[in-house]
Structures are given as structure tokens and as C-alpha cells.
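Numbering (the numbering used here), first residue to last: 6 to 69.
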């Protein structure tokens, strides 16, 4: 159902935030360089925005 799909999107969004946390930790401890960090954080941000948009759209459709 669409409620299940929204739930899965929200889980993916939480995972995205966790990934950003780990990327910051890896950068701060010098496991990844600034170039890689910037690219990965940018990619993660793009995915986060897509997930938020999908959640918002699905929730709006469910309210109709």
C-alpha cells in the first residue's frame, strides 16, 4: 500500500541522515579526503532531497 511505501521512504531518509553522519566522521578522522567528502555529501544531499520530495508527494496523495 502507499502507507507502506511512505514508511519505506522514511526509513531510507533516516538511513541517509545516518550516512551523512558517518561521512562527516570519516572526513574528520582523515579516512577520506575533502574532495571525496564533498562529492559524497553532495550526492547524499541530492538523494535526501529526492526522498523528502517523494514522501511529501505520497503523503499529499494519501490525504486527497
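Think of the CB as a built atom: it goes at the ideal place given N, C-alpha and C, for glycine as much as any other residue.
All of these numbers come straight from a predicted model, not from anything done at the bench.
Give me, in chain order, the residues of the same chain whose beta-carbon lies closer than 8 Å to that of residue i; leave out the 5 immediate sequence neighbours on both sides.
i: residue 11; result: 60, 63, 64 and 67
i: residue 28; result: 37, 42, 45, 46 and 49
i: residue 8; result: 67
i: residue 23; result: none
Using 7 Å as the threshold, is the C-beta distance between residue i and residue j below it?
i: residue 21; j: residue 53; result: yes
i: residue 45; j: residue 18; result: no
i: residue 49; j: residue 33; result: no
When burial is assigned at 16 or more other CB atoms within 10 Å of the CB, is residue i buried or exposed?
i: residue 30; result: exposed
Go through its chain and collect everything with a Cβ distance to residue i's Cβ below 7 Å, but skip five positions before and after it.
i: residue 15; result: 60
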